[in-house]
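In terms of the numbering used here, the sequence shown has 42 at position 31, counting the first letter as 1, and numbering is strictly consecutive.
In what follows, a structure is listed as structure tokens, so that the remarks can point back to it.
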Amino acid sequence: MKILRGKVFKFGDNVDTDVIIPAQYCASSEPSFLGVHCMEGLDAEFSKKVQPGDILVGGENFGCGSSREQAPLAILGCGLSAVVAKSFARIFYRNAINIALPIVVAPLAAEEAQTGDILEIDLDTGKIFNITRQTSYQANPFPPFVQEIISAGGLVNYVKAKKREMKNPA
């Protein structure tokens with residue numbers, strides 16, 4: 012995989028999918044459109060502040076609420092490279108993996124990071140380094156099959172690649 016590095020934008024506990032992407036925008040599944048409206052329920056100017064590669068940090072139960080697939084798409088469409096949180100809602104976690112949005116469960120890293128900090132995340136090892144605070148954390152790395160899905164660009168691309176491999180074995 013790779014190492015991600017970006018500025019932190021921190022939110023609290025129970026950030027639900029209605030806040031990540033308000034319902035009135037969910038007729039679209041275009042990441043760039045959704046990204047413009049990402050987190051606007053909490054910060055109307057959020058998408059204008061984000062630079063490509065920045066990192067969203069949340070508290071407990073990030074992504075709770077409805078099962079809308081547009082929520083992780085909005086995060087990617089906004090330019091964020093990953094989400095680090097104390098915990099994730101189960102369906103949000105699965106939806107994020109399906110579209111290749113790296114999400115990292117790291118309670119202490121999420122607790123201690125503050126907006127404006129710079130984080131570096133090694134997705135292969137699960138190591139998180141807060142450059143601003145000079146602190147390191149260890150999260151569980153993704154299992155190999157999840158790393159493959161993310162590296163492929165999501166579940167659909169992963170399945171297509173596997174089908175090609177089956178048709179053209181080495």
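In this text, a Cβ means the ideal position worked out from N, Cα and C, and glycines have one as well.
Based on DSSP bridge pairs, tell me the residues matched to residue 146. Under DSSP, residue 146 takes part in a beta bridge, and its partners are 141.
What residue does the alpha helix (DSSP H) around residue 160 start on, and which one ends it? Segment 155–163, the alpha helix (DSSP H) holding residue 160.
So, do the region 123–143 and the region 100–109 have three or more beta carbon pairs nearer to each other than 8 Å? With a cut-off of 8 Å, the region 100–109 and the region 123–143 do not count as touching, because too few Cβ pairs lie within range.
For residue 27, list the residues DSSP reports as bridge partners. Beta-bridge partners of residue 27 (DSSP): 75.
In angstroms, rounded to a whole number, what distance separates the CA positions of residue 128 and residue 14? CA-CA distance, residue 128 to residue 14, rounds to 16 Å.
Which residue comes first and which comes last in the alpha helix (DSSP H) that contains residue 88? Boundaries of the alpha helix (DSSP H) around residue 88: 81–88.
Closest by CA to residue 112, which one among 64, 172, 147? Nearest C-alpha to residue 112: 64.
Going along the chain, which residues of its own chain have a beta-carbon closer than 7 Å to the beta-carbon of residue 138, five neighbours each way excluded? Counting only Cβ-Cβ distances below 7 Å, and skipping sequence neighbours, we find 147, 149.
Along the chain, where does the beta strand (DSSP E) that runs through residue 115 open and close? Residue range 114–116 is occupied by the beta strand (DSSP E) that includes residue 115.
Got a sec, what are the start and stop residues for the alpha helix (DSSP H) residue 110 sits in? Neither: residue 110 is in no alpha helix (DSSP H) and is coded neither H nor E.
To the nearest angstrom, how far is the alpha carbon of residue 163 from that of residue 153? Distance between the alpha carbons of residue 163 and residue 153: 14 Å.
For residue 20, the residue or residues it bridges with in DSSP: Paired residues: 67.
Identify the residues that DSSP records as bridge partners of residue 133: which are they? DSSP, once it has assigned bridges, lists 14, 138 as partnering residue 133.
Per DSSP, which residues does residue 94 bridge with? Please list them. In the DSSP assignment, residue 94 is bridged to 67, 114.
Verify whether the separation of the beta carbon atoms of residue 68 and residue 53 is less than 8 Å. A distance of 8 Å or more separates the beta carbons of residue 68 and residue 53.
Out of 89, 33, 35, point me to the one whose CA is closest to residue 20's CA. When only C-alpha atoms are compared, the closest one is 89.
Nearest to residue 102 by alpha carbon, out of 37, 179, 28? Nearest C-alpha to residue 102: 28.
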